[in-house]
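There are 2 protein chains.
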Amino acid sequence: MDVIRDFSLRAALAAGLLAAASAPLHAEDAPQIDSFSLDNGLQVVVIPDRRAPIVTHMLWYKVGSADEDPGKSGIAHFFEHLMFKGTANHGPGEFSARVAEVGGRENAFTSYDYTAYYQQVAPQVLPDMMAFEADRMTNLVLTEEVIAPERDVIIEERNSRVENDPGSLLSEEVSATLYQNHPYRIPVIGWMHEIEKLNRDDAIDFYRRYYAPNNAVLVVAGDVDAASVRELAEATYGKVPRGPDLPPRVRPTEPEQNTRRTVTLVDERVGVPSFSKRWVVPSYTTGEGREAEALDLLAEVLGGGVRSRIYQELVVRRGIASSAMAYYQSTALDDTMFMVMGSPRGEATIADVEKAIDAEIAKIATDGVGEEELEKAKKRFVRSMIFARDEQDGMARIYGSTLTTGGTVEDIAGWPERIRAVTAGDVKAAAVRWLDERRAVAGYLLPKE
Amino acid sequence: MDVIRDFSLRAALAAGLLAAASAPLHAEDAPQIDSFSLDNGLQVVVIPDRRAPIVTHMLWYKVGSADEDPGKSGIAHFFEHLMFKGTANHGPGEFSARVAEVGGRENAFTSYDYTAYYQQVAPQVLPDMMAFEADRMTNLVLTEEVIAPERDVIIEERNSRVENDPGSLLSEEVSATLYQNHPYRIPVIGWMHEIEKLNRDDAIDFYRRYYAPNNAVLVVAGDVDAASVRELAEATYGKVPRGPDLPPRVRPTEPEQNTRRTVTLVDERVGVPSFSKRWVVPSYTTGEGREAEALDLLAEVLGGGVRSRIYQELVVRRGIASSAMAYYQSTALDDTMFMVMGSPRGEATIADVEKAIDAEIAKIATDGVGEEELEKAKKRFVRSMIFARDEQDGMARIYGSTLTTGGTVEDIAGWPERIRAVTAGDVKAAAVRWLDERRAVAGYLLPKE
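Heads up: the sequence lines are chains V and A, in that order. Residue 689 in the numbering used here sits at position 63 of the first sequence, with consecutive numbering throughout. Residue 722 in the numbering used here sits at position 96 of the second sequence, with consecutive numbering throughout.
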């Protein structure tokens, strides 16, 4: 039951590899993916992976915090919590207890564009999981007794994750500054003063609007075949009636940005200062031509790991930074975020780190990237995909996040070709066009005095 | 047909006196105000002023840009323009032609919280004005032929007022940074890319929702009496049916702000650099106790004219600034904005100006204000009110803007008492509590190189 503010980044950092979770799979090594829809509109993707007797069952809803009504921030994540309460057929916590009983793992997460629920279990328990998941799609019991204590849980979660973490507080206000109009400016977990007012009506309204088979994608990966998944899905999810047709997910978009902005938080709880710089850039969904692919490779060349320019220059060669990286949040329904960040080491200041990172960006904007360097980056990039693929739930996440942000199964299949087609000129052009200092938003996290 | 981004400031600067237009009248000198409502919900305020045979007729709607739906920025102002097109009974421009014909003046303006239309004419033409104004409240013709060309006019207006004015561009992004959640972050005129998409459906929807007698306030000031105004109003506005009940004007409010922010625009069109710093503060509507009154006096003492601390120190004594002032946007439905600003002169830099203004704020936060200084400020403040009152339409504006932002006629009557009750301690407390450097948003307008 996580808030994924920055899903790919967190996943990537956790796994020690960048961009893995947010980018699609290398097709040549991809298994045969089956994709079909049930009559009620539920889209189903089946990813065979027979290396172990395990199956990952993920249900993705095409709703996230960026779909929330103004003033109702946090309802998407709040609702994710409520899904673990009881239904008309199962008591509170019964589903989770069942997962634990069969030695499985479960989780759920909410992001800007989607909310997902998953279990990892032995294949023979899959029917059971699907029955439970289909049940809570429509039979959830939303009483005041369920709502009020869970709101306190969320408030506590926000206290511990955000209010007590200066880095998170800063990050929230950097986003609120970066996006002047688009709802990505609002934190996924919600603003505290709005969470405090979320009520039963909000929850019921949200459930009725967004939780329906025609607004969901089922991803099943593992030791299964498409035919049996289809049969199981028909018998469980197939019984849930189609919900009302939802209007297109059109959110307010960014105006042309003209200013350079900074956001500074000085806090006595800060140990190591850190610096970040962000820009609004196209995503895989909004990018034209190879824009998104070029941004992916730009992030890789610039700061996508220990071989990257920023890391080599700041951390290895000059030793002025303890960390330094670039990150592109590629998978998003709308225009998204490209960032660089770093922390000073030793005598170096945060200004030294910023200046050095700026210089690396300027170098690419002026001189471009080398052919060999680009080829290596593409290889590293693809290798990290294979690495990601090796995790069954990594695969499921790639499909789920792509399909709930406007992408298709074909987009994932065609992705390696598109990455390969990116030229050094494309990468240079992306740096020039998007990493413009005049429109950057810098964040400074500083210790007191 | 104006966008009033910052109504009080503009009016005040134009008139050479600060805070005049946004703050209410000194009651002792006030004429007898009559206030009543028609059966259809129209609120009417009559302000007698018999010094000249002139009457100001203003119709205020309780809708402004902060009431717009997300993604529809600019519709309130766009709609104000459309109100000058034809109705079922009068051709396009006929109303304006009539005003000109009788030697009158007219205008209209849109702000965050209200939209108003006014004519200044001889008293005998008032019935005519009321008939025209009541007619366009309900009989407007909104065809595609009317909408499309007017949208081009608005786009041109935005081009000339904003896109070609670096100061306005900066100001827009400072607001978008200052407000992280509240719609005051969005420019009244609208973002260009959203203006371009406004259409007939948007206009009709807006008209149906907001243009109705029960969502309007009629203010008539001048050589008239309440009885005859009531009779005329019944005969014109009284014929317009009540519209649907509108929900309370509840907009998303600001989260707790934790960061210091800067917004910088470097532009070759900038001649003189300038600096501003803003904070989100309570308005007369949201303030508790004497918070708003204290902020009004803080703005007056700090930078409310040539006697103020900032002006005396920066412009007169040290000569480092060509202008320096403070401003509090007191009249607003929701939490609002307090700002200081200045431009360097001679060898002085923008940093010198910022530092000197910061020092003046710190002085008040540390040492407070003197009793005599406060008394003088109160007197100056009240004197500027009398000055404002002397303009018939200034009076009408005070009533209109107060009544459309949650205030009452009684609030205006009681205002001088409340101002008088403000203590030096209140002013110091306001500076400490609200002008906190850790939460300030600074704007820098800089020439290229």
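Note that beta-carbon positions come from the ideal geometry of N, C-alpha and C, so glycine has one too.
Taking 8 Å as the threshold, the shortest C-beta distance from A/Pro874 to chain V does not fall below it. Per the coordinates, the alpha-carbon of V/Lys1004 lies some 51 Å from the alpha-carbon of V/Ala714.
Between A/His707 and A/Phe758 a beta carbon distance of about 16 Å is seen, past the 8 Å cut, so the two are scored as non-contacting.
Between A/Glu917 and A/Val1035, the alpha-carbon positions lie close to 20 Å from each other. When DSSP assignments are scanned along the stretch 927-984 of chain A, the uninterrupted stretches of beta strand (DSSP E) that are 3 or more residues long and fall wholly within it turn out to be 947-954 and 962-970. For V/Arg886, the chain A residues whose Cβ falls inside 7 Å of its Cβ are Thr890, in order along the chain. Scanning its chain for C-beta atoms nearer than 8 Å, with the 5 sequence neighbours on each side dropped, one finds around V/Arg935 the residues Val927, Leu928, Gly929, Glu986, Lys989 and Ile990, in chain order.
Just measuring C-alpha positions, the residue of A/Leu1071, A/Gln746, A/Lys1002 and A/Glu727 sitting nearest A/Ala734 is A/Gln746.
In the DSSP assignment, V/Asp849 falls outside any alpha helix (DSSP H), carrying neither H nor E.
Under a 10 Å Cβ-count criterion, A/Glu997 is classified as exposed, with fewer than 16 other Cβ atoms of the shown protein chains found around its own Cβ.
Nearest in C-alpha terms to A/Arg887, of all of V/Asn785, V/Arg835, V/Ala952 and V/Glu799, is V/Glu799. Within chain V, the residues Trp817, Met818 and His819 have their CB atoms less than 7 Å from the CB of A/Pro881, given in chain order. Annotation note: the stretch 788-838 of chain V contains no uninterrupted beta strand (DSSP E) run of length 3 or greater. Excluding residues up to 5 positions away in sequence, Gln669 and Val670 lie with their Cβ nearer than 8 Å to the Cβ of V/Ser663 in the same chain. Within the stretch 662-741 of chain V, complete beta strand (DSSP E) segments of at least 3 residues are found at 669-674, 681-687 and 731-736, given in chain order. The residues Ala1050 and Lys1054, in chain order, have a CB closer than 6 Å to that of A/Gly994 in the same chain once the five nearest residues on each side in sequence are set aside. The Cβ atoms of V/Gly712 and V/Pro839 do not sit closer than 8 Å to each other.
Residue contact check for V/Ala802 against chain A: a CB pair falls below 8 Å.
DSSP places A/Gln746 in the strand class (E or B) of the three-state scheme. When C-beta distances to chain A are compared with 7 Å, the residues of the stretch 781-807 of chain V below that value are Leu795, Leu796, Glu799, Ala802, Thr803, Gln806 and Asn807, in chain order.
In the displayed model, A/Val906 falls within a strand according to three-state DSSP. Nearest neighbour of V/Asp754 by Cα position, chosen from V/Tyr910, V/His683 and V/Thr957, turns out to be V/His683.
Against chain A, a Cβ distance below 9 Å from V/Arg1064 picks out Thr890, Leu891 and Val892.
Between the stretch 868-884 of chain V and the stretch 821-841 of chain V, the count of C-beta pairs closer than 8 Å reaches three or more; the two stretches touch. Between V/Leu752 and V/Val845, the C-beta spacing is not below 8 Å. Of the candidates V/Asn790, V/Ile780, V/Val1048 and V/Trp686, V/Ile780 places its Cα closest to the Cα of V/Gly816. Chain V has no Cβ within less than 8 Å of the Cβ of A/Arg835. For A/Gly913, no CB of chain V lies under 8 Å from its own CB, so it is not counted at the interface with that chain.
In the DSSP assignment, V/Leu752 falls within the alpha helix (DSSP H) that extends over Leu752 to Thr764. Setting aside the 5 residues that flank it on each side, A/Ile812 is surrounded in the same chain by Ser699, each with a C-beta closer than 6 Å to its C-beta; the list follows chain order.
Boundaries for A/Thr769: no beta strand (DSSP E) harbours it, and the DSSP string shows neither H nor E there. Counting C-beta atoms within 10 angstroms of its own C-beta, V/Asp761 has 16 or more neighbours from the protein chains shown and is therefore classed as buried. The beta carbon of A/Arg777 sits no closer than 8 Å to any beta carbon of chain V. Along the stretch 665-699 of chain V, going in chain order, the ones with a CB nearer than 7 Å to a CB of chain A are Pro696 and Gly697. Under the three-state reduction of DSSP, V/Thr1049 is assigned to coil, being neither helix nor strand. DSSP lists V/Thr888 and V/Lys903 as the beta-bridge partner residues of V/Ala1068.
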